[in-house]
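Residue numbers (full-length UniProt numbering), protein chains in the order written: chain D, 1 to 271; chain Z, 1 to 271.
C-beta atoms are modelled at their ideal positions from N, C-alpha and C, and glycine is treated no differently.
All values reported here derive from a predicted model rather than from experimental measurement.
Structure first, then comments.
Number of protein chains: 2
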Amino acid sequence: MSQLYFKSSPTCEYCALSRNCTENINNTSAMQNVQVLTHKIYHKGDTLFCAGDAFNALYIMRSGSAKASATTIEADEQIVDFYFPGDLLGTDGFAQKQHAHNVSFLETSSVCYISVNSVNALLTHSELGRQQLLSNMSQNTLNQQQQLMNVHKMTSIQRLTGFLLDLSHRLAQRGLSSQQFTLSMTRIDIANYLGMAIETVSRLLTSMQQQRLIQVQRRHITLVNIPEMRKICLSDLLGQTEGESDGMQHAMLSPTTDYPLSSIGGEGRFY
Amino acid sequence: MSQLYFKSSPTCEYCALSRNCTENINNTSAMQNVQVLTHKIYHKGDTLFCAGDAFNALYIMRSGSAKASATTIEADEQIVDFYFPGDLLGTDGFAQKQHAHNVSFLETSSVCYISVNSVNALLTHSELGRQQLLSNMSQNTLNQQQQLMNVHKMTSIQRLTGFLLDLSHRLAQRGLSSQQFTLSMTRIDIANYLGMAIETVSRLLTSMQQQRLIQVQRRHITLVNIPEMRKICLSDLLGQTEGESDGMQHAMLSPTTDYPLSSIGGEGRFY
DNA sequence: CGTGTACTTGAAAAGGTTCAAAGAGTGTGG
DNA sequence: CCACACTCTTTGAACCTTTTCAAGTACACG
């Protein structure tokens with residue numbers, strides 16, 4: 001029926017379907033059945049969809065950020081993912097033809113809307129589209145498994161450090177600073193996502209600041225010693241390196257963001 | 001090119017692609033480009049594929065059981081899933097075009113082999129096939145998230161109880177007894193999967209037996225008081241109900257396996 | 001019948017949570 | 001412009017669940 005087409009925008013180059021986009025734009029014969037995607041602005045606290053809502057569309061973040069959460073029977077929430085520009089959203093709906101998550105925005109955000117009809121058309125007609133969707137969904141599962149593994153095998157310091165590095169990496173992929181950023185989520189969100197008490201998050205951030213690993217001021221974070229943070233992720237050596245933090249902090253002056261590269265439309269997580 | 005076709009077998013009715021199977025069999029015109037799937041026998045400890053192996057095929061368990069594990073950088077393993085007859089396997093390969101897991105068998109097992117070509121053909125030509133695959137993969141992610149949520153919100157007693165109920169439920173769906181079964185995995189596997197020490201698993205099983213919730217003898221498990229086990233999953237009341245277990249154990253005489261129903265090809269987990 | 005692997009059990013230790021209280025930034029209305 | 005209410009955040013101390021370490025038991029296989 002129709003192929004997907006995104007109006008060009010600064011965000012598009014990071015979009016989960018950008019390669020597909022480009023393919024369509026370059027393929028003039030395909031231009032005839034192109035469907036211009038609509039996008040919409042949401043504000044902090046707005047919900048994109050709730051668990052149980054009919055599965056009508058997939059979404060792509062254009063700007064801003066969002067969180068997806070599931071709800072337990074006892075009605076407490078579990079945040080399962082955060083989304084940033086370019087991320088594909090809503091594939092939780094394929095399982096039961098209704099959404100399984102609540103997605104809400106952490107700040108003013110803009111999202112593209114892709115109706116299920118468009119998705120079906122894409123799957124029917126575009127080999128690349130199929131690949132991208134399957135890859136993305138497969139990667140989602142792997143990311144969740146990685147997350148599970150982290151909870152099982154890593155201490156809370158390692159998890160929090162990994163979380164910050166992951167954020168840094170994801171932002172860097174989108175052309176933003178990998179060393180300085182503003183958290184769009186609260187401590188409560190972070191704690192919930194990482195499966196710890198918010199007091200623990202707070203204590204650990206303070207501790208990391210004291211060790212000159214990060215600089216933290218409310219939501220504003222600066223990663224001061226990324227190499228050291230990476231080491232911590234691999235083996236928890238906090239507590240052993242108490243006194244000698246002064247000799248370390250200068251190593252960060254060469255801000256080589258040499259993260260392992262991966263395509264946006266189904267990227268792995270970095271720890 | 002070709003559609004998928006499974007030789008009829010007792011297992012097929014529980015297969016992840018059975019509806020698709022039936023569709024093909026009933027559609028005589030589709031029979032011309034049918035591809036008979038091959039299946040192969042594996043033994044305990046054999047590996048189906050390893051992380052890094054080229055992604056050549058999907059697999060469906062016909063009999064037996066298997067486990068999928070990921071490996072951390074520190075080389076310790078994390079079991080991410082167990083598989084039983086009818087389960088679809090190998091979709092971890094879509095993300096990077098190579099497998100991300102190691103899959104090995106827990107007992108003598110038989111699996112169907114579906115080459116990626118067949119999968120592509122299925123996706124191209126069968127709307128139902130697309131639906132099933134996407135649903136299955138979406139459900140995989142949801143299951144992993146559920147698992148993550150369990151680790152964050154539930155005590156170890158709740159997780160282990162939930163694990164046993166989940167096994168019971170999955171076996172029941174396959175026409176086996178939901179009350180008595182033999183674990184094909186070791187305590188080590190269970191502990192690894194649930195993210196606890198094997199000593200904890202051992203202690204909890206003993207404790208549950210003392211409370212007349214289960215009967216356990218090495219790998220052989222009998223669920224004695226399923227209703228009570230369900231309650232424990234919802235709210236951890238072990239420790240409070242120490243002394244009065246005698247009045248409870250008779251409630252299980254009506255073994256109504258009234259689990260919430262769901263289709264095999266993308267089922268949710270039951271806790 | 002011995003050896004190895006899987007499993008169980010006990011006691012001490014650790015990591016993280018919970019409870020309690022206080023500090024800091026934000027917005028509202030007088 | 002300040003005071004008040006509010007939410008988000010930090011910090012301290014006691015507590016608790018689960019882990020770790022250390023033996024010991026039991027079943028399976030040659």
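*Taking Cβ to Cβ, would you say Gly90 of chain D is nearer than 7 Å to Tyr59 of chain D?*
yes
_Is it buried or exposed, Gly175 of chain Z, if we count other Cβ atoms within 10 angstroms and call 16 or more buried?_
exposed
_Start-to-end residues for the beta strand (DSSP E) that takes in Ile214 of chain Z_ = 214-217
*Give the residues of chain Z in contact with Met137 of chain D, contact being defined as C-beta atoms less than 9 Å apart.*
Thr91, Phe94, Ala95, Leu134, Met137, Ser138, Asn140, Thr141
_I'd like to know whether the C-beta of Leu165 of chain Z is nearer than 7 Å to at least one C-beta of chain D._
Not closer than 7 Å to any Cβ of chain D, the Cβ of Leu165 of chain Z fails to qualify, so no.
*Within its chain, find whatever has a CB closer than 6 Å to the CB of Ala54 of chain D; leave out the 5 residues flanking it on each side and keep chain order.*
Gln98
_Just verifying my parser: in three-state terms, what is the DSSP assignment at Asn102 of chain D?_
Asn102 of chain D: strand per DSSP, three-state reduction.
_Own chain, CB closer than 7 Å to Leu223 of chain Z, minus 5 neighbours either side, in chain order_ = Here the set comprises Leu164, Ser168, Gln179, Ile214, Met229.
*With distances taken Cα to Cα, identify the nearest neighbour of Asp76 of chain D among D:Gly195, D:Gln209, D:Gln210, D:Gln217.*
The candidate whose alpha carbon is nearest that of Asp76 of chain D is D:Gly195.
*At 8 Å on the CB atoms, spell out the chain D contacts of Gln78 of chain Z, in chain order.*
Gln145, Leu148, Met149, His152, Lys153
*asked:* Is Gln240 of chain D close to chain Z? Criterion is C-beta to C-beta, closer than 7 Å.
replied: With a pLDDT of 45 at Gln240 of chain D, under the threshold of 50, the modelled position of this residue cannot be trusted; read the value that follows with caution. So no, Gln240 of chain D is outside the interface.
_Residues in the same chain with beta-carbon distance under 6 Å from Met31 of chain Z, minus the five sequence neighbours each way, listed in chain order, please._
Low local confidence applies: a pLDDT of 38 at Met31 of chain Z is under 50, so the model's placement there is unreliable, and no value is given.
*Per DSSP, cross-strand counterpart(s) of Val111 of chain D*: In the DSSP secondary-structure assignment, Val111 of chain D is bridged to D:Lys40, D:Met61.
*Proximal residues of chain D, C-beta to C-beta of Leu122 of chain Z below 9 Å*: Under the 9 Å cutoff, chain D gives no residues; its nearest Cβ is about 11 Å from Leu122 of chain Z.
*asked:* DSSP three-state label for Thr71 of chain Z, please.
replied: Assignment of Thr71 of chain Z by DSSP, reduced to helix, strand and coil, places it in the strand class.
*Give the residues of chain Z in contact with Gly162 of chain D, contact being defined as C-beta atoms less than 7 Å apart.*
Ordered by position in chain Z, no residue passes the 7 Å Cβ test against Gly162 of chain D, which lies about 12 Å from the chain.
_Beta-carbon within less than 7 Å of Val216 of chain Z's beta-carbon, same chain only, minus the 5 sequence neighbours each way: which residues are those?_
Leu205, Gln209
*Consider the Cβ of Ala100 of chain Z: report whether some Cβ of chain D lies at a distance smaller than 7 Å.*
yes
*Indicate the three-state DSSP secondary structure (helix, strand or coil) for Val80 of chain Z in the structure shown.*
strand
*Is the Cβ of Arg130 of chain Z closer than 7 Å to any Cβ of chain D?*
Using a Cβ-Cβ cut-off of 7 Å, Arg130 of chain Z counts as an interface residue toward chain D, since at least one Cβ of chain D sits closer than that to its own.
_Assuming the contact rule is C-beta atoms closer than 8 Å, Glu107 of chain D and Ser177 of chain D should be a hit. Round their C-beta distance to whole Å, please._
Ser177 of chain D and Glu107 of chain D do not touch by the CB rule: their CB atoms are close to 17 Å apart, not below 8 Å.
*Along chain D, in chain order, which residues have C-beta atoms closer than 7 Å to that of Ile73 of chain Z?*
Leu234
*Can you tell me whether Lys67 of chain D is buried or exposed, with buried defined as 16 or more other CB within 10 angstroms of its CB?*
Per the 10 Å Cβ criterion, buried.
*Assess, as a yes-or-no matter, whether the stretch 125-138 of chain Z is touched by the stretch 37-47 of chain Z under the definition of 3 or more beta carbon pairs within less than 8 Å.*
no
_Host beta strand (DSSP E) of Thr124 of chain Z (start-end)_ = It is not in any beta strand (DSSP E) - Thr124 of chain Z instead sits in the alpha helix (DSSP H) that spans 116-125.
*Could you check the C-alpha separation between Val80 of chain D and Lys153 of chain D for me, to the nearest Å?*
18 Å
*Grab me the residues of Thr38 of chain Z's own chain with a C-beta within less than 7 Å of its C-beta, minus the 5 sequence neighbours each way, in chain order.*
Tyr113
*To which residues of the same chain is Arg219 of chain Z closer than 7 Å at the C-beta, ignoring the five residues directly before and after it?*
Thr182, Leu183
_Environment of Ala197 of chain Z [buried if 16+ CB atoms lie within 10 Å]_ = exposed
*Cβ of Ala54 of chain D within 7 Å of any chain Z Cβ*: no
*If we cut at 7 Å on Cβ distances, does Ala57 of chain D have a partner in chain Z?*
no
*Whether Ser156 of chain Z touches Thr186 of chain Z by CB criterion (7 Å)*: Contact flag unset, no.
*For Ala66 of chain D, which of helix, strand or coil comes out of DSSP?*
Reduced to three states, the DSSP call for Ala66 of chain D is strand.
*Residue range of the alpha helix (DSSP H) that includes Phe55 of chain Z*: Phe55 of chain Z -> no alpha helix (DSSP H), and no H or E assigned at all.
*List the endpoints of the continuous beta strand (DSSP E) containing Leu48 of chain D.*
47-49
*How about Gly195 of chain D: is its C-beta nearer than 7 Å to some C-beta of chain Z?*
yes
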